[in-house]
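The opening residue of the sequence shown carries number 1 in the UniProt record's numbering; numbering runs sequentially from there.
Here's the structure, in structure tokens; my notes come after.
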Amino acid sequence: MDKRSGKTLEEAPKCIKSGDAAMVNMEPSKPMVVEAFTDYPPLGRFAVRDMKQTVAVGVIKSVEKKEPGAGSKVTKSAVKAAKK
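As structure tokens, this is what we get:
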């Protein structure tokens with residue numbers, strides 16, 4: 001993706017190098033509190049770290065919220081918040 005114009009330069013590249021920009025779909029392995037950057041900026045930023053080194057930073061464009069299903073854990077505070 002071109003940093004200035006936002007135009008797509010390459011679809012599905014094999015890797016992203018230092019200094020490159022990209023739109024990436026990410027799915028966390030555990031529940032996480034995030035929001036879209038446009039809705040709530042403090043919860044709309046992220047950093048990816050590997051071996052104590054930051055390897056990527058970015059902003060969250062959109063969030064797909066999933067309903068808790070069978071086998072998923074729900075905390076007591078989440079149950080309380082849902083009742084309000």
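The beta carbon of each residue, even a glycine, is placed where N, CA and C say it ideally should be.
Short of 7 Å from the beta carbon of Ile16, and not among the five residues preceding or following it, lie these beta carbons of its own chain, in chain order: Ala22. Listed in chain order, the beta strand (DSSP E) runs fully inside the UniProt domain "GTP-eEF1A C-terminal" (1-61) are 45-50 and 53-59, counting runs of at least 3 residues. If you look at Val79, you'll find it in the alpha helix (DSSP H) that goes Lys76 to Lys83. Apart from sequence neighbours up to five positions away, the residues of its chain that approach Ala36 with a beta-carbon distance below 7 Å are Gly44, Ile60, Lys61, Ser62 and Val63, ordered along the chain. Just so you know, the alpha carbons of Tyr40 and Met26 end up roughly 19 Å apart. Residue nearest to Val74 within the set Ala12, Leu9, Lys30 and Thr8 is Lys30 (criterion: CA-CA distance). Residues Met1 of the same chain have their beta carbon placed closer than 8 Å to that of Lys7, with the five preceding and five following residues left out of the count.
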